[in-house]
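These notes concern the structure reproduced below.
Numbering (our numbering), first residue to last: 1005 to 1307.
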């Protein structure tokens, strides 16, 4: 098996399957690390060898979720070798290789924390970026890639092009997010740049701000306020707030761009005020019944 040709063909296969450029780069990087680690030909890699590779990744202090991603990529590659390259081999990455991963509940901000965070954001660009995450549920990559043409201020909506999984979706702009965005656009220069949010200082002034640049701004405000907050937790906060305002889970799913409703339903476990109200209402009825004397007691002395 000529490894270079196989890798090139695998890359073409991923492109045909419409994988994003970032995903293809990520897959090939994982495969490169795996190929450099193994000391036998690809066809001779066994289930036991994969176990050794898992131990190797553990020793590198890699998290279980990351190890599972590595295994998933290698499994896809071996499936490709078997079914596309017609190489007779068995896939050494079995389902049982997958590590158990804890599933922490999504972290969201409470109302007071939201107010505290935005009270310290004086920069109009940053204020607008984080309002879009909080009110529109945009991912940090979607904010970084947002273009002027995708925004319809009149209809109060944004078309998210090529979101996660290369899917497009429509999100809507709340009144406060609209005001924040308009305030930023009024002072925004470099009109020829299509991306909305630009670097304001330094050598890259006027260039689109990167994902890491946005994350660094959030880290700055998190340190300033003492809050445990990230860009993604603003998205979680939006979902929780909508849920508590009795929005349908299916609506939240569409706005966030989740493939599976089970992903959206995780927010129901975080802070569902309806469940909380139903619980206390039902519990009051339970306690009220327990304190009332029974009319049909089994131990009624008159029987």
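From the three backbone atoms N, C-alpha and C, an ideal C-beta is built for every residue, glycine too.
All figures in this text were calculated on a predicted structure; none of them were measured in a lab.
- For residue 1151, the pairing in a beta bridge is given by DSSP as 1199.
- Here residue 1253 really is in contact with residue 1268; their C-beta atoms are around 5 Å apart, less than 8 Å.
- Across the structure, residue 1080 and residue 1011 are spaced so that their CA atoms are roughly 13 Å apart.
- Of the residues assessed, residue 1244 falls on the buried side of the cut-off, its CB having 16 or more other CB atoms within 10 angstroms.
- Listed in chain order, the non-local C-beta contacts of residue 1238 below 7 Å within the same chain comprise 1134, 1137 and 1138, local neighbours out to five positions each way being set aside.
- When secondary structure is reduced to three states using DSSP, residue 1021 falls in the coil class, being assigned neither helix nor strand.
- By the criterion of a C-beta distance shorter than 8 Å, residue 1265 is surrounded in its chain by 1253, 1254 and 1257, once the five residues flanking it on both sides are discounted.
- Excluding sequence positions up to five before and after residue 1096, its CB lies within less than 7 Å of the CB of 1049, 1050, 1051, 1053, 1054 and 1082, all in the same chain and listed in chain order.
- No Cβ-Cβ contact shorter than 8 Å links residue 1210 with residue 1200.
- Note on geometry: alpha-carbon atoms of residue 1288 and residue 1294 lie some 10 Å from one another.
- Buried is the label assigned to residue 1148, since at least 16 other Cβ atoms lie within 10 Å of its Cβ.
- The beta carbon of residue 1197 sits closer than 8 Å to those of 1210, 1211 and 1212, all from its chain and outside the five residues before and after it, given in chain order.
- The Cβ atoms of residue 1038 and residue 1084 lie no closer than 8 Å to each other.
- With respect to residue 1229, residue 1112 sits apart: the two C-beta atoms are not nearer than 8 Å.
- The criterion of a C-beta distance shorter than 8 Å is satisfied by residue 1261 and residue 1173.
- Measuring C-alpha to C-alpha distances from residue 1028 to each of 1103, 1291 and 1077 identifies 1077 as the nearest.
- Taking the Cβ atoms as the reference, residue 1144 lies roughly 20 Å from residue 1067, outside the contact range of under 8 Å.
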